[in-house]
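The structure appears right after this line, and notes come after that.
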Amino acid sequence: MLDIDAIRAEFPILSRELYGRPMTYLDNTATSQTPRRVVDIITDGYTRSKANVHRGVHTLSQEATKAQEDARRRVASWIGAESHEEVIFTRGTTEALNLVASSFGGMVLGEGDELILTVMEHHANIVPWQLLRSRLGFTIKVVPIDGEGRLDLDAYRALFNERTRLVSVCHASNVLGTVNPVKEMIAEAHAHGVPVVVDGAQAAPHIKIDVRDLDADFYAFSAHKMYGPTGIGVLYGKRGHLEKMPPYQGGGEMIEHVSFGHTTFAELPFKFEAGTPDFVGIPAIAGAIDFMDGIGIDAIAEHEHVLLRHATDRLVAEVPGLRIFGTAPEKCAIISFLIGDHHPYDVGMLLDKLGIEVRTGHHCAQPLMEYLGIEGTVRASFAVYNTIEEADRFVDAVKRVAMILG
Ligand code: PLP
């Protein structure tokens, strides 16, 4: 049993009230809250040791550089990377995927080639590829889902042919919660000699990531969804790929030598980190990992699943006309739903007045919404600090909103 009270005590924001009621924060898929120890690292960075990294012989710069590079090593060992040089800091999953699309995609995709995506991808794993497609003229093929929100793996296998060059797939869906069998999907792709990019934005907070066990070619995630600071993400890439790839952006930090005639580039990982990084925020990722490791990722997932099952069972039994989108057995603690024909915004606004913070809309997955034949959903998502009482408060509030809306 987790000591949820002790965990919650680390998050001052969770004791807020809204409209005279306790705030129930269930928008963790969009961003999770940040424990005080992570905020303290950032505060320390600004108040004690702020100095730009990699450019100074002075003490503060060396401290800041060490803190940043220690965090890189911590991330590398946390995801099972072979080397910290395979860990590139970005602004988030979105920038990580843009980097892969532009640099690696630009190398391996050309006219007449094919890229495989799935229908449940976030816009961050669709639009960068479309931008590249408009330059290079390849084709995007899409894996469909079944009624429970699971990928159709037979359809996936059938998409491969001699023109398939790349697969990019989310580890877990931010709408359906479905956890995809990425290890199996990667093995299938590799059997065809095709590399795989994994969007791990929704997996990193809940699932043990082992990039070498998965054999992922690239793996992207965002710190702000895993109790860390906002504005920082990670791109893992296999060294063999990263070494061959051209830089994504040019500027300071990523060069070895610059002249007007010719420029040579820095070694990994700096070749992909142009400009001043968020050297104050990056060490806080290590704090977020410490927080999660202190509890244990399996214990986090187990607790979230208890909340998921409890809230789902009650919603299904007690709210007539409620439809849940995404009922796969392998699922993160996300409940996407609609009540009858009521617009998700109406439901979300009324829930907010009852102190329940949920997300509404298309969740940056418009192709999935089109596939499901809906405009959007209401989405509640749980994190380790949520409680059974909060799950009950949420269900009671949904019942009340359903009654108000008729
Ligand atoms: N991919 C998935 C599956 C997501 O859920 C999100 C954010 O919700 C992203 C990518 C984009 O993450 P970020 O906005 O942190 O770059």
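Start counting the sequence shown at -4; every next residue gets the next number (this note's numbering). All C-beta atoms in this analysis are idealised placements derived from N, C-alpha and C, irrespective of residue type, glycine included. Remember, it's a predicted structure, so these values are computed and weren't measured experimentally.
Following the DSSP letters along the chain, one finds Leu363 inside the alpha helix (DSSP H) bounded by residues Gln361 to Leu367.
If you draw a straight line from the Cα of Arg234 to the Cα of Leu13, it comes to about 48 Å.
Sorted by position in the chain, Gly87, Thr88, Thr89, His117, Ala119, Cys165, Asn169, Asp194, Ala196, Gln197 and Ser217 make up the residues whose C-beta lies under 5 Å from a heavy atom of the ligand PLP. In this structure, Glu248 places its C-beta atom within 8 Å of the C-beta atom of Ala269. Leaving aside the five residues that flank Val192 on each side, the residues in its chain whose CB is nearer than 6 Å to its CB run, in chain order, Val95, Ser163 and Phe213.
Under the three-state reduction of DSSP output, Val379 falls in the coil class, being neither helix nor strand.
Per the DSSP secondary-structure output, Ala167 pairs in a beta bridge with Val174. Looking from the CA of Ala306, the closest CA among Ala211, Pro123, Gly101 and Thr382 belongs to Thr382. Counting every other CB atom within 10 Å of its CB across the protein chains shown gives Asn156 a total below 16, marking it as exposed. When DSSP reads this structure, Thr134 sits in a beta bridge with Glu109. At the C-beta level, Tyr243 and Ser98 come within 8 Å of one another. Judged by their CB atoms, Asn169 and Ala196 are nearer to each other than the 8 Å cut-off. DSSP places Val373 in the strand class (E or B) of the three-state scheme.
Of Gly368, Phe84 and Val314, the smallest CA-CA separation from Ala215 is found for Phe84.
If you check the CB distance, Val177 and His187 do not come in under 8 Å. Its Cα nearest to that of Leu346, the residue Val393 stands out among Ser217, Val393, Glu58 and Glu5. A Cβ-Cβ contact shorter than 8 Å links Ala283 with Val33.
For Glu81, the secondary structure class from DSSP, reduced to helix, strand or coil, is helix.
Per the C-alpha coordinates, the member of Lys239, Glu238 and Phe265 positioned closest to Gly246 is Phe265.
In chain order, Ser56, Ala59, Thr271 and Phe274 place their CB closer than 8 Å to the CB of Asn47, counting only its own chain and leaving out the 5 sequence neighbours on each side. Every unbroken stretch of the beta strand (DSSP E) spanning 3 or more residues and falling wholly within the stretch 253 to 307 is given here in chain order: 258 to 260.
For Ser376, the CB contacts under 7 Å within the same chain, skipping 5 residues up- and downstream, are Leu21, Asp22, Asn23, Thr24, Ala328 and Ile329 in chain order.
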